[in-house]
Amino acid sequence: MPKPHLALLAALLAAYGLQQYADRIDPYYLDVLIGVGINVILAVSLNLVNGYTGQFSLGHAGFMSVGAYLAAAVSLQLGPRLFGEDGGTALQQGALFLAALLTGGLGAAGAGLLVGVPSLRLRGDYLALVTLGFGEIIRVTFQNVEWLGGALGLNGIPASTTIFWVLAAAALTIFTVVCLVHSTYGRGFLATHDDEIAAEAVGLNTTRYKIVAFVIGAFFAGIAGGLYGHFKLTITPTGFDFTKSIEIVVMVILGGMGNTLGVVLAAVLLTLLPEVLRPVAEYRMVLYSFLLIVLMLARPQGLFNFRLGRART
Amino acid sequence: MLKVTDLSVSYGAISAVSGISFTIEQGSIVTLIGGNGAGKTTTLRTISGLLRPRAGRIEFLGEDLTRLAPHQIVARGLCHVPEGRMIFSNLTVDENLTMGAYLQTDPARIARNRDYVFSVFPRLQERIRQMAGTLSGGEQQMLAISRALMGSPKFLLLDEPSLGIAPRLISTIFEKIVEINRDHGITILLVEQNANLALEVSRHAYVLETGRIVMQGESRQLRADPQLRATYLGG
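The listed protein sequences derive, respectively, from chains A and B.
Numbering (numbering that gives the first Met the number 0) for the first sequence: 0 to 312.
Numbering (numbering that gives the first Met the number 0) for the second sequence: 0 to 234.
Laid out in structure tokens, this is it:
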């Protein structure tokens, strides 16, 4: 079996193993770990768009919210109808949760396609502004649609998200992105990033590559949204505003654009940092921002960008 | 093989190429020479579909190219080697070549193209695992040409292959260009500021000035033309 597949299998087994001991772990640490996992999914999937393909998207939180709302709707609407008040067996619940997550992911991917097709002809700052705008449109739509809970959001979502689901989804995201960009087809993402004109000159359809990256990125953002909703049990539109998008972009930049290992580590670090800084209370976010500035000055190429895994023999 | 008729291209309100016409016969090397801003690169980019013409027609083997996207034009055997060695610097030499064969489906043919490229530029084979961004300027130009050859082109558009390359390597690269033309009968349209070199390797030449063709003819004769010598060949 090839190396990435073995690593994926190992990660899935580890996630399953951890789940068996979950009730012996301090719930606080478990919650932090779930937060870390969700951010890893978001950052690694955004890295496919912003890092590898070189398109600056600021709308990741928007796709996350599409996934969160759709997955929550599936659970809330279908759960009681299919399994009655008692909620069915563990297997039935798991299957429903999987269906909810996939619905959220596919819905977000659809939204990605809808946004990507018209906007990916733009470059650089223009694309960033358009994706920012679309992210906000999605959020404002949720805020004003009555049957989606309006500004109050959706409540009473079943607590289906466990450490197993999050770690398994994070492992699958990393696996998909790594295998994709290392495939012959996937080299086209880097080619599009390196030089769009040259990529077109050798016959790549760069617009299609950008759209594919965008749709795959949005899919995993949607999965992350579904996990988030079933973890927090309540979702409101304000949880997905553009500061969330910025937060994910920061993880990608800090990790080193187009470096999956770096982005994973940055996502872990930036999720843990606010937790570690809790003792300083009101100065927490000041210190967080300050550390961010220091890190960016010290390592502008990305905190963990040592070109790992690129010097292959 | 390639027929350009009354081609005009503009960037917004600024006209870069105004009504040029020329034809290129199969198997020949033809050059477009001219100073900065004469419209040479614009012409090449319009032929390969990277720019849209305002007016005019480009026919390749009898088919109109002006409505086609760049990748569709590449699929018809017309490959562009862009100016300034636009290689994929974050990919290895090997991966750059693989990208060049992006539209090729026959593995045997890809392997043959790869062998041919290495026979023309043995140095690339030595550097096959190296990141393309770490190559020297001359090597990057070799890679850019090789990448285009991986697409089994019938027609190569070369944009300033001598730009920013050590003088010693320039003559090597031009020898290779002639060799590629001779070995495989690949027709070549060469855009060059170094008019001396371009006239030496080409059969026919067109001189562009502010978007118009001001002179054309056999390269041999143009080299002897006193007016051209004074303007482009340094006396």
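We treat Cβ as the ideally placed atom computed from N, Cα and C, and that holds for glycine.
Only a predicted model underlies this, so the values are computations on that prediction, with no experimental measurement involved.
Is the beta carbon of residue i sitting closer than 9 Å to the one on residue j?
i	j	result
Ala99 of chain A	Ala70 of chain A	yes
Leu31 of chain B	Leu155 of chain B	no
Gly111 of chain A	Phe241 of chain A	no
Phe218 of chain A	Leu105 of chain A	yes
Leu43 of chain B	Ile86 of chain B	no
His229 of chain A	Ser288 of chain A	no
Val119 of chain B	Asp158 of chain B	no
Ala197 of chain A	Gly36 of chain A	no
Leu77 of chain B	Pro152 of chain B	yes
Ile234 of chain A	Leu153 of chain A	yes
Ala266 of chain A	Leu57 of chain A	no
Ile46 of chain B	Leu188 of chain B	yes
Asn38 of chain A	Thr205 of chain A	no
Asn89 of chain B	Met130 of chain B	yes
Val48 of chain A	Gly155 of chain A	no
Gly238 of chain A	Gly103 of chain A	no
Nearest chain B C-beta to residue i closer than 9 Å, yes or no?
i	result
Gly257 of chain A	yes
Ala6 of chain A	no
Gly308 of chain A	Because Gly308 of chain A sits at a pLDDT of 39, beneath the cut-off of 50, its placement in the model cannot be relied upon, and the following sentence gives the value as read from the coordinates. No, because no Cβ of chain B sits closer than 9 Å to the Cβ of Gly308 of chain A.
Is there a C-beta anywhere in chain A that falls below 9 Å from the one on residue i?
i	result
Ala107 of chain B	no
Pro81 of chain B	yes
Thr104 of chain B	no
Leu162 of chain B	no
Thr41 of chain B	no
Ala110 of chain B	no
Gly136 of chain B	no
Gly150 of chain B	yes
Ser145 of chain B	no
Gly184 of chain B	no
Tyr101 of chain B	yes
Leu49 of chain B	yes
Which residues in the same chain have their Cβ closer than 7 Å to the Cβ of residue i, if we skip the five residues on either side of it in sequence?
i	result
Tyr208 of chain A	Thr52, Gly187, Phe188, Thr191
Glu24 of chain B	Met0
Leu162 of chain B	Glu82, Gly83
Pro26 of chain A	none
Ala68 of chain B	Gly48
Gly329 of chain A	The first residue shown for chain A is 0 and the last is 312, placing residue 329 of chain A beyond what the model contains.
Leu11 of chain A	Ala167, Ala170
Kindly examine the ligand SAH and report whether one of its heavy atoms sits closer than 8 Å to the Cβ of residue i.
i	result
Ile156 of chain A	Although the ligand SAH was asked about, the structure shown includes no ligands whatsoever.
State the DSSP-derived secondary structure class of residue i, mapped to helix, strand or coil.
i	result
Val144 of chain A	coil
Phe154 of chain B	strand
Ile23 of chain B	strand
Ile24 of chain A	coil
Thr36 of chain A	First, the amino acid is wrong: residue 36 of chain A is Gly here, not Thr. Note: Gly36 of chain A maps to helix in three-state DSSP.
Arg56 of chain B	strand
Gly257 of chain A	coil
Val116 of chain A	helix
Arg108 of chain B	helix
Ile32 of chain B	strand
Ile164 of chain B	coil
Arg211 of chain B	strand
Ile127 of chain B	coil
Val201 of chain A	coil
With a CB to CB cut of under 8 Å and the five nearest residues on each side skipped, what residues in its chain are close to residue i?
i	result
Glu62 of chain B	Arg75
Arg202 of chain B	Ser27, Ile28, Val29, Glu217, Ser218
Ala54 of chain B	Asp5, Leu6, Ser7, Gly18
Ala147 of chain B	Cys78, His79, Val80, Gly99, Leu155
Leu286 of chain A	Leu276, Val279
Ala13 of chain A	Leu166
So with CB distances below 7 Å, who are the chain D contacts of residue i?
i	result
Met85 of chain B	Chain labels in this structure do not include chain D; the protein chains are A and B.
Near residue i, which residues of its chain fall below 6 Å by C-beta distance, leaving aside the five closest residues on each side in sequence?
i	result
Thr41 of chain B	Val8, Ala15, Val16
Met149 of chain B	Leu96, Gly99, Ala100, Asn112
Tyr227 of chain A	Ile37, Ala67
Val144 of chain A	none
Legend entry - chain B contacts made by the region 179-205 of chain A, where a contact means CB separation under 8 Å: Thr183, Arg186, Gly187, Leu189, Ala190, His192, Asp193, Asp194, Ile196, Ala197, Ala198, Glu199, Ala200, Val201, Gly202, Leu203, Asn204
Inset, instruction - Taking only beta carbons into account, state which residues of the region 59-74 of chain B come closer than 8 Å to chain A, listed in chain order. - result: Ala68, Pro69, His70, Val73, Ala74
Inset, instruction - Using a Cβ-Cβ cut-off of less than 9 Å, list which residues of the region 87-98 of chain B approach chain A; keep chain order. - result: Phe87, Ser88, Asn89, Leu90, Thr91, Glu94, Asn95, Thr97, Met98
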